[in-house]
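If you're matching them up, the sequences are chains A and B in order. Using our numbering, the first residue of the first sequence is number 1, and each one after it goes up by one. Using our numbering, the first residue of the second sequence is number 1001, and each one after it goes up by one. Working notes, beginning with the structure itself.
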Amino acid sequence: ALSELHFNMLHIDGLGRTKEDLLTYEIADVFRAKSLIDVMKKSHEARQKLLRLGIFRKVEVLIDTSRGEGALPNGLDVTFEVTELRRLTGSYNTMVGNNEGSMVLGLKLPNALGRAEKLTFQFSYGTKETSYGLSFFKPQPGNFEPFPSICTNQTLKWEGVWRELGCLARTPSFAIRKESGHTLKSSLSHAMVIDTRNSSILPRRGGLLRIHQELAGFTGGDVSFLKEDFEIQLNKSLFWDSVLSASLWSGLVLPIGDKPTSIADRFYLGGPTSIRGFSMYSVGPQSEGDYLGGEAYWAGGLHLYTPLPFRPAKGGFGDLFRTHFFLNAGNLCNLNYGEGPKAHLKKLAECVRWSYGLGVLLRLGNIARLELNYCIPMGVQSGDRICDGVQFGAGIRFL
Amino acid sequence: MSLAAEAFVSQIAAAEPWPENATLYQPLKEDQILLSDCASSLAVQAYLRMCGLPVQVVCRANAEYMSPSGKIPFIHVGNQVVSELGPIVQFTKAKGHSLSDGLDDVQRAEMKAYMELVNNMLLTAELFIQWCDDATAAEISRPRYSSPYSWPLNNILAYQKQWEVRRKMNAIGWGGKTLEQVYEDVSQCCQALSQRLGTQPYFFSKQPTELDALVFGHLFTIITTRLTSGELAERIKGFSNLLSFCRRIEQTYFEDKSSST
């Protein structure tokens, strides 16, 4: 009878270079199935997990009655037929970042050593920055107590970056000139993301917590620092289809050793994707009009998203637009060591820049959004550049 | 520099007097700087001392990249950054300091000609020996040039620089020369300089000019720098009036500090 069928044996076909022990974690659940329905459900979940590893092009599941040697009556055999991805793949993408566009050429070795390690080489040529990157990524089939494993994601990454900084203007400030030249950054970074939002662009509910740390200098390279940054976002649906959203970003970079931090590693604040009402990266320490970034920052935003007034084109195109009322605040400073953390916290709390306003947003798929805002910047310090009035922004990550 | 650029620099420069905190930037002295850069830097330092203009020498690993023209040395005076001896001479002239005011047109043309000779012969020979001679490149130039960086960036940058200099040598026709021929060229250049100097203290009689600073910078650096072969220094030491010229300038303008590499 159907109810007597139980799980018997599991086969995996099609493994080439992938190591078996990587897969045992993902498909472990199938072994615990007790009935036909259970086997089907758990096999389906295991298939999803295998696909999520990013190393198989196709995964098919075949459930059949046991046959052959050692076959039990009422036994079920589950076979996963996998097709591995090619050893080397190339890609060409265009990317929209925060107020910049770029073209990215990539070479990827998915599953480089058989345990879903990804080795990627990327060349990016954009409106603001040209870069080459080599990255190695090894996923952890982690044990994520106490967080539920459906919504956490941890990554451990080694990055080697060769940076060449040069002066674009004819007469940059001397502080910028001093940063010219080549540096090599070799760093290990770890990121943990808990994302319970229903969408990443205009979420209606849920929250995001992202904690990222990066340690540079212990695996070679010219720069040594410890960088921590975190991002938290909470969303709540209110009456009348509106959403209240609060977000907080914060970061810190501590140089290790006696060399100061490089301008390429510091944080920047200001712009249509961070504190609106200020020009791009134009808040904080500067020298003759060139902004130098800071070693510690915090920024917060409070938004009320509502549908367009009078709801034109409801159910169709109109749903891509939202209006929002926002309040942004933040501060950026350098760390002058020897003063202790209390003094730095005090510095970050005084002379806070903030702004408020309203605007219209357009959602582009599930990746990006465009904003047109009317901003009123406040708490402007001497040296900051503001963009009061109408400001346009395009990007994937907004405060 | 183009005429328009010269006029612009003069206008801006003339506005302010020479500040106390003028700084000259060059690569790290102990481990990084090479013969050609050291010679150029010493020439500028000698020139500024001859003009009586105080300047502080600061060594930075990325000096070459900081320079607006990519060449060493450069000076940071007030708000302005000027690199290489030629533009620096123009810059100081605009501020009212000049060593060649007392020369007439013929002498000035002669001075320019000899300065071109030094740049085309001595400086090019230095670059050739540093980067086109395999022994020197492998033992001295590449390790020193790449010393501030970590692997693999150090190798990449050193080889990049070597290819760049070799390409330039090929472009000016020095690619096919042997080391012997280069030493011969240096000897001939020194012969011409020695003849012009004769028994005078400086090239233009009693007062030093920028030509003296340039010649001193190169000759003094060559005779005090240890290379894989001492041949180059020997060739120069063969000219006794040039040797005493170098010693005289060192004693007159550099007696308060030692300036050998």
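Just so you know, even glycine gets a beta-carbon here, dropped at the ideal spot from N, CA and C.
Query: Neighbourhood of Glu1020 of chain B by C-beta, 8 Å cutoff - its chain only, sequence neighbours within 5 removed; Result: Pro1054
Query: Enclosing beta strand (DSSP E) for Arg322 of chain A [first to last residue]; Result: Phe321 to Cys333
Query: Per DSSP, cross-strand counterpart(s) of Gly206 of chain A; Result: A:Asn235
Query: Three CB pairs or more closer than 8 Å across the region 1-20 of chain A and the region 73-84 of chain A; Result: yes
Query: Span separating the alpha-carbon of Arg397 of chain A from that of Lys1093 of chain B; Result: 54 Å
Query: C-beta neighbour in chain B for Phe174 of chain A, strict 9 Å; Result: yes
Query: Own chain partners of Glu371 of chain A with C-beta closer than 6 Å, once the 5 adjacent residues on each side are dropped; Result: Gly359, Leu361 and Gly393
Query: Residues of the region 1152-1166 of chain B with Cβ closer than 7 Å to any Cβ of chain A, in chain order; Result: Leu1153 and Leu1157
Query: Reference Leu184 of chain A, options A:Glu60, A:Phe225 and A:Arg204, closest by Cα; Result: A:Phe225
Query: Nearest neighbour of Val283 of chain A, chosen from A:Asp384, A:Arg210 and A:Pro377 [CA to CA]; Result: A:Asp384
Query: Whether Ser1083 of chain B touches Ser1098 of chain B by CB criterion (9 Å); Result: no
Query: Neighbour flag for Phe147 of chain A against chain B, beta carbons, 9 Å; Result: Reliability fails at Phe147 of chain A, whose pLDDT of 39 lies under 50, so the model's placement of it is uncertain and the value that follows must be treated cautiously. Phe147 of chain A does not count as touching chain B.
Query: Anticipated Cβ contact below 8 Å, Gly90 of chain A with Gly106 of chain A, distance rounded; Result: 7 Å
Query: Contact with chain A by Ser1150 of chain B, beta-carbon distance below 9 Å; Result: yes
Query: Lys1029 of chain B, DSSP secondary structure in three states; Result: coil
Query: Cβ-Cβ distance between Ser1141 of chain B and Asn1154 of chain B below 9 Å; Result: no
Query: Distance, Ser131 of chain A Cα to Gln1149 of chain B Cα; Result: The residue asked about is misnamed: residue 1149 of chain B is Tyr in this sequence, not Gln. If I take the Cα positions, the gap works out to 19 Å.
Query: Under 8 Å from the C-beta of Asn1021 of chain B: neighbouring residues of chain A; Result: Under the 8 Å cutoff, chain A gives no residues; its nearest Cβ is about 12 Å from Asn1021 of chain B.
Query: C-beta neighbour in chain A for Pro1073 of chain B, strict 9 Å; Result: no
Query: CB contact check: Val1081 of chain B to chain A, cutoff 9 Å; Result: yes
Query: Any C-beta of chain A under 9 Å from that of Met1050 of chain B; Result: no
Query: Classification of Ser1205 of chain B by the beta-carbon crowding that lies within 10 angstroms, buried from 16 upward; Result: exposed
Query: 9 Å Cβ cut-off: residues of chain B touching Trp240 of chain A; Result: Per Cβ cutoff of 9 Å: no residues; Trp240 of chain A is ~58 Å from chain B at best.
Query: Counted within 10 angstroms of its Cβ, other Cβ atoms place Glu145 of chain A as buried (16 or more) or exposed; Result: Caution applies to Glu145 of chain A, whose pLDDT of 39 falls short of 50 and renders its modelled position unreliable; the model cannot decide the point.
Query: Cutoff 9 Å: Tyr1114 of chain B Cβ touching any chain A Cβ; Result: no
Query: The region 1120-1136 of chain B contacting the region 1171-1191 of chain B, beta-carbon criterion three pairs below 8 Å; Result: yes
Query: Helix, strand or coil at Cys1059 of chain B according to DSSP, with G and I counted as helix; Result: strand
Query: Sequence-distant residues of the same chain with beta carbon closer than 6 Å to Arg17 of chain A, five excluded per side; Result: Gly114
Query: Burial state of Asp77 of chain A (16 or more Cβ within 10 Å); Result: buried
Query: Touching by the beta-carbon criterion (3+ pairs, under 8 Å), the region 1029-1040 of chain B and the region 1186-1198 of chain B; Result: no
Query: Minimum Cβ-Cβ distance from Ala1004 of chain B to chain A less than 9 Å; Result: no
Query: Among A:Val161, A:Ala28, A:Pro172 and A:Ile275, the one whose alpha carbon lies nearest that of Leu49 of chain A; Result: In the sequence as displayed, the identity of residue 49 of chain A is Lys instead of Leu. With distances taken between Cα atoms, Lys49 of chain A lies closest to A:Ala28.
Query: Residue range of the unbroken beta strand (DSSP E) whose run includes Asn373 of chain A; Result: Ala368 to Met378
Query: Collapsed DSSP secondary structure at Gly106 of chain A in the structure displayed; Result: strand
Query: Contacting positions in the region 1123-1151 of chain B - beta carbon closer than 7 Å to chain A; Result: Tyr1149, Ser1150 and Trp1151
Query: Cβ of Arg177 of chain A within 9 Å of any chain B Cβ; Result: yes
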